[in-house]
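S.K.: Quick one: the structure is below, and I'll ask about it shortly.
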Amino acid sequence: MTKHQKRLSVPKSWPVERKTETFTVKAGAGPHGQDGVPLVVLLRDVLGYVDSRKEARYALSEDAILVNGDAINDEQRPIGMFDIVAFPAREEYYRVFPDEGGRLALTEIDEDAAQSRLGKIEGKQQVPGGQTQLTLHDGTNVLVEDDEYNARDSIVIDNDDKSIVAHFPYEEGALVTAVRGNHGGKIGEVDAIDITPGSGSNTVGVSTDDGGFETIEEYVVVIDENFTGDDE
Numbered sequence: 000m001t002k003h004q005k006r007l008s009v010p011k012s013w014p015v016e017r018k019t020e021t022f023t024v025k026a027g028a029g030p031h032g033q034d035g036v037p038l039v040v041l042l043r044d045v046l047g048y049v050d051s052r053k054e055a056r057y058a059l060s061e062d063a064i065l066v067n068g069d070a071i072n073d074e075q076r077p078i079g080m081f082d083i084v085a086f087p088a089r090e091e092y093y094r095v096f097p098d099e100g101g102r103l104a105l106t107e108i109d110e111d112a113a114q115s116r117l118g119k120i121e122g123k124q125q126v127p128g129g130q131t132q133l134t135l136h137d138g139t140n141v142l143v144e145d146d147e148y149n150a151r152d153s154i155v156i157d158n159d160d161k162s163i164v165a166h167f168p169y170e171e172g173a174l175v176t177a178v179r180g181n182h183g184g185k186i187g188e189v190d191a192i193d194i195t196p197g198s199g200s201n202t203v204g205v206s207t208d209d210g211g212f213e214t215i216e217e218y219v220v221v222i223d224e225n226f227t228g229d230d231e
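For the sequence shown, the positions run 0 to 231 when numbering that gives the first Met the number 0 is used.
Listed below in structure tokens is the structure:
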């Protein structure tokens, strides 16, 4: 298996220039699957805090960088949608949030907002003991006692004790952001959810300040107004 990643073939969500050089860093194993961006890419290509993987390894060895509240020591650790990247010594905190076109970008937030992260529920199932297991967009599994959560809802997880601190149902009137497709990065309210017969994807009509758009429901994530960056 190759250790290299050609820039021209990286996912469209990666915030890298594709034609400046041939190769970039390949993401390691971890959350977010193929969409995860190696941490060193954010440190070097987006923030400009390091010039090389060697410098990134040194910073990580000092426990200077936290992802979702945990110190990270692997510069290839995949970073993806709604992750919280924190630099406590700098008093800098960022949320990974899709910008126009669905490309991942860093939105600066305050320390309080960095104490929790958003997760989209991709699936749920009953497990032995009567609990329900929720599977989030990044592969995280969360056990809950009640059954009030549904696929495509969003939850907010505390980075310290991993408890659920907020729940946003996927329904008409919900505030959503498109994370893929032609409308990636746009934010609006769900006007209508159209059920498609058979195995096709349901479509969602979303109203925005400049009109609206329609996309498939896999491309939208329910968010809270505090996650848009407008109030931060």
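By construction, the Cβ of each residue, glycine as well, lies at the ideal position given by its N, Cα and C atoms.
None of these values were measured; they are calculated from a predicted model.
Do you know offhand how far residue 166's Cα is from residue 154's?
M.R.: 4 Å
S.K.: To the nearest whole angstrom, what separates the beta carbons of residue 79 and residue 183, a pair I think is in contact under 8 Å?
M.R.: Contact doesn't hold; Cβ gap of about 14 Å is too wide.
S.K.: Once DSSP output is grouped into helix, strand and coil, what is the label at residue 188?
M.R.: Correct three-state label for residue 188: strand.
S.K.: Would residue 176 and residue 222 qualify as a contact pair, given that the criterion is a beta-carbon distance under 7 Å?
M.R.: yes
S.K.: Is the CB-CB distance between residue 205 and residue 180 below 7 Å?
M.R.: Taking 7 Å as the cut-off, the Cβ atoms of residue 205 and residue 180 do not count as close.
S.K.: Excluding sequence positions up to five away, which residues of its chain have a Cβ less than 8 Å from the Cβ of residue 145?
M.R.: 131
S.K.: Could you tell me whether the stretch 148–162 touches the stretch 102–118, where touching means 3 or more Cβ pairs closer than 8 Å?
M.R.: Counting Cβ pairs under 8 Å, three or more are found: they touch.
S.K.: DSSP on residue 125, reduced to helix/strand/coil?
M.R.: In this structure, residue 125 counts as strand in the three-state DSSP scheme.
S.K.: Residue 116 by DSSP, collapsed to three states: which one?
M.R.: The answer is strand: DSSP assigns residue 116 an E or B state.
S.K.: I'd like the span of the beta strand (DSSP E) that includes residue 57, first residue to last.
M.R.: Unbroken run through residue 57 is the alpha helix (DSSP H), 52–60; no beta strand (DSSP E).
S.K.: What number of angstroms, rounded off, separates the C-alpha of residue 94 from the C-alpha of residue 136?
M.R.: 15 Å
S.K.: Please check the pair residue 190 and residue 168, which I expect to be a contact at CB under 8 Å, by giving their CB distance rounded to whole angstroms.
M.R.: Not quite, the Cβ-Cβ distance comes to about 16 Å (not below 8 Å), so this is no contact.
S.K.: Under the rule that 16 or more other beta-carbon atoms within 10 Å means buried, what is residue 194, buried or exposed?
M.R.: exposed
S.K.: In whole angstroms, what is the alpha-carbon distance linking residue 281 and residue 207?
M.R.: Within the shown structure, residues of the chain are numbered from 0 to 231, placing residue 281 beyond reach of any answer.
S.K.: Verify whether the separation of the beta carbon atoms of residue 220 and residue 164 is less than 7 Å.
M.R.: no
S.K.: Just confirm the distance between the C-beta atoms of residue 71 and residue 38, as a whole number of angstroms; I'd bet it's less than 8 Å.
M.R.: 6 Å
S.K.: Taking the alpha carbon of residue 32 as the point to measure from, which residue in 147, 185, 49 and 138 has its own alpha carbon closest?
M.R.: 138
S.K.: Got a sec, what are the start and stop residues for the beta strand (DSSP E) residue 157 sits in?
M.R.: Taken as a continuous stretch (DSSP letters only), the beta strand (DSSP E) holding residue 157 covers 153–157.
S.K.: Cβ atoms of residue 63 and residue 85: under 7 Å apart, would you say?
M.R.: The answer is no: Cβ separation not under 7 Å.
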